[in-house]
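Under my numbering, the residues of the sequence shown are numbered 1058 to 2045, in order.
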Amino acid sequence: MYILWGQGSFSQTMQQEAGKHPSLNEEGELHLGAGVSSPQFASKVQLPVKLSWPTGSVNLSAFVDSGAKGNFIEATFAAKHGIPVVPLSVPMRLLTVDKRPLGSGVVNKKTVSLSLCVNDFHVEEIVLFLIEGASSPLILGLPWLQVHNPQINWVTGEVSQWGSCCRGICIPSTIAATSLEGLPAAYSAYADVFSKRAAETLPPHRQYDCPIDLVPGSSPPRGRTYPLSLPESQSMKEYIQENLERGFIRPSNSPAGAGFFFVGKKDGGLRPCIDYRGLNKVTIKNRYPLPLISELFDQVKTAKIYTKLDLRGAYNLIRIREGDEWKTAFNTRDGHYEYLVMPFGLCNAPAVFQEFVNDIFRDLLGVFVVVYLDDILIFSSNLNEHRKHVCEVLKRLRENNLYAKLEKCTFEVSTVQFLGFIISSKGLEMDPGKVRAVLDWAQPFSLRAVQRFLGFANYYRQFIKNFSLIVAPITNLTKKGADPSIWPPEAVQAFETLKKEFSSAPILRPPDSALPFIVEVDASEVGAGAVLSQRHPITNKMHPCAFFSRKFSPAEVNYDIGNRELLAVKLAFEEWRHLLEGAKHLVTVYTDHKNLLYIESAKRLNPRQARWALFFSRFNFSLTFKPGSKNTKADALSRSFNSVSSDSSECTPIIPRELIVATLESDLSSLLSPLQSSAPIETPSGKWFVPEELREQVLREVHDSKMAGHPGVAKTISLLSRHIWWPSFKQDAKTFVNSCPICQRSKSSHQRPQGLLNPLPIPMKPWSHISMDFIVELPPSQGNTVIWVVVDRFSKMAHFIPLPHLPSAKTLADLFITHIFKFHGFPVNIVSDRGVQFVSRFWRAFCSLVGTELSFSSAYHPQTNGQTERVNQSLEQYLRCYVSDNQSTWSELLPWAEFAYNNATHSSSGRSPFFVVYGLHPKAFSFSGSNSSVLSANSSVLKFSEIWSSVHDSLSAASLAQEKAANKSRREAPQYKVGDLVWLSQKY
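Quick look at the structure:
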């Protein structure tokens, strides 16, 4: 009988996944499709395939039979090629379509799981039943058709397209033929787990979808649209189209929108980035813990064989929670889109993914698997056991639509590098890369370089026995008369000895994830250096855990100092990501570049800085300024490279200065040359005399022209004196330049500022003269984002009132009555800036009616209201100390901050604001002491009078001291009269 294309109906429809057995009917029967067709037609429905198993493979043709309820292989063919088979627990009878028994009898064997490559295009895992006497060695039946749903070209007999389900569980053979070459045969049945194409399909919704919960009362901000170059615009279109086809993104009408831009990759390509800083700022943080590195390593101590898996596109394998997609929206010039999968850059992505993989391997964690984000380590005692373990892990990855990156995986090794450590049967060793920065330290040959090395070494002298004796030969190189470029043998030996001491115990200690980490970074002109340290829990001494240094690339050398310092922080975090990401404690970063402290609050970043900011959002750290003189370890590492000549040539002006001067001279030559016959006799030789009627025109040519560029007095005189003369040319040039309207309007003065400090008059009693200001754009806290700060200029007492937003002028008047007037009455004077509330007609009218005078500071001149500005700084500092990582609690802390400020002694008065206003200190803490008796009214008034008088004297003295100090850097202001013309800066 020929087993060809099935004709007729069958009694049972079967649904089957690849590799599973077909269902049987109640009688244990299995139907085969049977029909009669010509050989010519049969040749049109065969597919070229390849079967593979751990010990071999074979190419053959498979017939497709929609009437067969199973997938079959001819028994003789299987035996001939050594295909592994196993017995069936329940034998099955074979029937034709019309239920006649087949002559080959029953099926009692099946193959092991085989790898099937179909039509030279796709690979799958399959189990086949053995039958005897079939004319085709391989039959693919209805279960196979239902799973893969192929579209067959009946003319050529080839599969033209595969079903959507197939794309999720199978991989292209072209990838398998190349990328899967490193996959051991024992795991070939799981080739689909390493599919790049499958990893690019939209994952299903799960209970682990990434939620984006926002702080109450907040919403994601609308970010800027970044300008793109022509190549970037083309790359953006390709990126959008590619991810639309994958289903990773979709068009959006969200009110949110983060900025979209590109950064260059090392290979010259472009990497897309989305600036989610604004979204992350208002997202409630997921505190799901990342594994402790020390605990992970405790679990692998007894293992002898390891496999390491690296997941492919891990974050994109998790969906955004349904309904939260709009929050991930991003802006492009060509449209507005939002993500359906979890993109890189979301602050909660690491925690969400860690929870997901932990639950997948929950019962295996610590048994033979450890997982840290997208890194999976499988460990076992012997090879047979290990292969079972790896198969179980690969099986769970497949079941959860997770895929591994084969090129980054390591299989069945006795030594493996994992999370910065070397793991083997001998135990845990530190990765040599952690100390390479010290071991590769180039021998210094200049006095400064030797001194830097000694400064680095001196920091660890307490841990090195006989340090002074060891370092003495190197110290001698810094003495007067010594040549640091010539090293005696004993100095070279000392240099090598110290490097080995730095990289071994007791100096270098394994990192302990239960202790806080400290990162010290520095960047020089040639490279970056960093030290990862922790304090000993008993001695409190700083011990390094790892060293890092890297020479800058030619492009990085051209970064300004701020970007080089920021790059040094990024490189250090990349090096120690496995320790710092998800760290139990806040990571402290020391840098000697103060401007880095403001990177988190920067309004506008260039694309490179924005990409780095997204990277930093994965870490919980604080930047702390540490002067370079105290940051010697990182500074020395950043300069530990041999000095080499720079590849960059000296800067050459595009237009030589001589050419500019020559151009000016050529114009003047044609103008003045005919007039030199009437030049006075005292005209210097080789110079042109300028008659009086042409002097202004010459001065304009030399000063005002684009070639001249409006130089100052000295440079203008210098240009004139080269070839031009008249008796008063220097004085005329000075007068002309000083009166130039363009110079006065456009240039800033480099002289000391005009005007001596004139302090505000000192009040005579509390709350008669006050100042006020707003602190704005705070993280939402109990619905509040603004703090109204009101300060008494006499006692320095302050009130801090939280507000949901900046108030209108009418609301401000109501707030003033509620929070200030009921305690202190109306003041005589209020000092404020020129905020819209304070300069509004309503506020002016209100203050006029209650008899309060208003004083406004000049725009961009906060010194006028310097008292309130200083109180704002104190308040912000207090809140930073107590709010820490939970910035939504500041509103609750305001009463405590107000009490702390008012109870603290003020430097100007020498007393606390409480004591100045009330004549006594508030009861803040329980303490022993005698109780004071109640004072009479007269003595109370006398006491207050004495206190206020003393405070007035103290404030006056402090004001005079401030005035004297400020006036050292100032000069007298000109005396102006009504009617004088003056320049007004538009900035002010």
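Glycine included, every Cβ here is placed at the ideal spot set by N, Cα and C.
Query	Result
Taking the straight line between their C-alpha atoms, what separation do you get for L1869 and P1837?	20 Å
When the Cα atoms are used, what is the spatial distance from N2051 to F1251?	Because residue 2051 is not part of the residues shown, which for the chain are 1058 to 2045, the question remains open.
Please name the residue, chosen from N1841, P1859 and Q1894, that lies closest to K1867 on a Cα-to-Cα basis.	Q1894
By how many angstroms is the C-alpha of V1973 removed from the C-alpha of G1967?	10 Å
Measure how close the beta-carbons of Q1508 and T1535 come, nearest whole angstrom, since I'm counting them as under 8 Å.	6 Å
Taking one C-beta from the segment 1289-1296 and one from the segment 1258-1272 each time, how about it: are there three or more such pairs within less than 8 Å?	no
Take T1168 as the anchor and find which of W1745, I1183 and R1752 has the nearest alpha-carbon.	I1183
Using 7 Å as the cut-off, classify the Cβ of E1933 as near or not near the heavy atoms of the ligand ZN, replying yes or no.	This structure lacks the ligand ZN; in fact it carries no ligand of any kind.
Note down, in chain order, each residue of its chain lying with its Cβ closer than 8 Å to the Cβ of F1982, except the 5 sequence neighbours on either side.	At F1982 the pLDDT is 46, less than 50, meaning the model places this residue with poor confidence; the figure from the coordinates comes in the next sentence. Within the same chain, F1982 has no close Cβ partners at all.
Work out the CA separation of V1848 and L1977 for me, nearest whole Å.	19 Å
Could you pull the start and end residues of the alpha helix (DSSP H) that L1869 belongs to?	A1866 to F1873
Which stretch, first to last residue, makes up the beta strand (DSSP E) that contains R1328?	L1327 to D1332
Under DSSP, the alpha helix (DSSP H) around L1950 begins and ends at which residues?	W1947 to N1960
Going by DSSP in three states, I1858 sits in which element: helix, strand or coil?	strand
Please tell me whether K1126 and G1198 are closer than 8 Å, where the distance is taken between their beta carbons.	yes
Please classify K1598: is it buried, with 16 or more other beta-carbons within 10 angstroms of its beta-carbon, or exposed?	exposed
Tell me which residue opens and which closes the beta strand (DSSP E) that S1481 is part of.	F1478 to S1481
Determine which residues share a DSSP beta bridge with E1758 and list them.	Per DSSP, none; premise fails for E1758.
Compare the beta carbon distance of P1823 and F1857 with 8 Å and say whether it is the shorter of the two.	no
Using the Cα positions of S1100 and I1188, report the straight-line distance between them to the nearest angstrom.	Note that S1100 scores 41 on pLDDT, short of 50, meaning its location in the model is unreliable and no value can be drawn from it.
Between the segment 1577-1586 and the segment 1605-1621, do three or more beta carbon pairs fall short of 8 Å?	yes
Going by DSSP in three states, E1582 sits in which element: helix, strand or coil?	coil
Just the C-alpha distance for R1344 and L1589, rounded to the nearest angstrom, thanks.	24 Å
Among the residues of its own chain, which have a CB less than 8 Å from the CB of V1718, if the five just before and after it don't count?	Caution applies to V1718, whose pLDDT of 45 falls short of 50 and renders its modelled position unreliable; the model cannot decide the point.
List the DSSP bridge partners of Q1103.	F1120
Can we say the segment 1435-1445 touches the segment 1413-1420, given the rule of at least three CB pairs closer than 8 Å?	no
Closer than 8 Å by C-beta to C1904: which residues in its own chain qualify, once you throw out the five before and the five after it? Chain order, please.	I1887, E1910 and L1911
Considering A1603, what are the terminal residues of the beta strand (DSSP E) in which it resides?	M1599 to K1608
Quick one: is F1387 buried, meaning 16 or more other Cβ sit within 10 Å of its Cβ, or exposed?	buried
Taking just the CA atoms, how far does D1270 sit from S1276?	10 Å
Find the nearest neighbour of V1272 within the set T1842, P1768, F1673 and T1112, judged by alpha-carbon distance.	T1842
Could you work out which residue in E1464, G1586 and E1469 is closest to N1441 when comparing CA atoms only?	E1469
Would DSSP call D1830 helix, strand or coil?	strand
Do you know how far the Cα of L1624 is from the Cα of K1772?	40 Å
Buried or exposed for N1337, please, with buried defined as at least 16 other CB atoms from any protein chain shown within 10 angstroms of its CB.	buried
Apart from the five residues just before and just after F1746, which ones in its own chain have a Cβ nearer than 7 Å to its Cβ?	Q1733, A1736, P1737, T1740, W1782 and W1783
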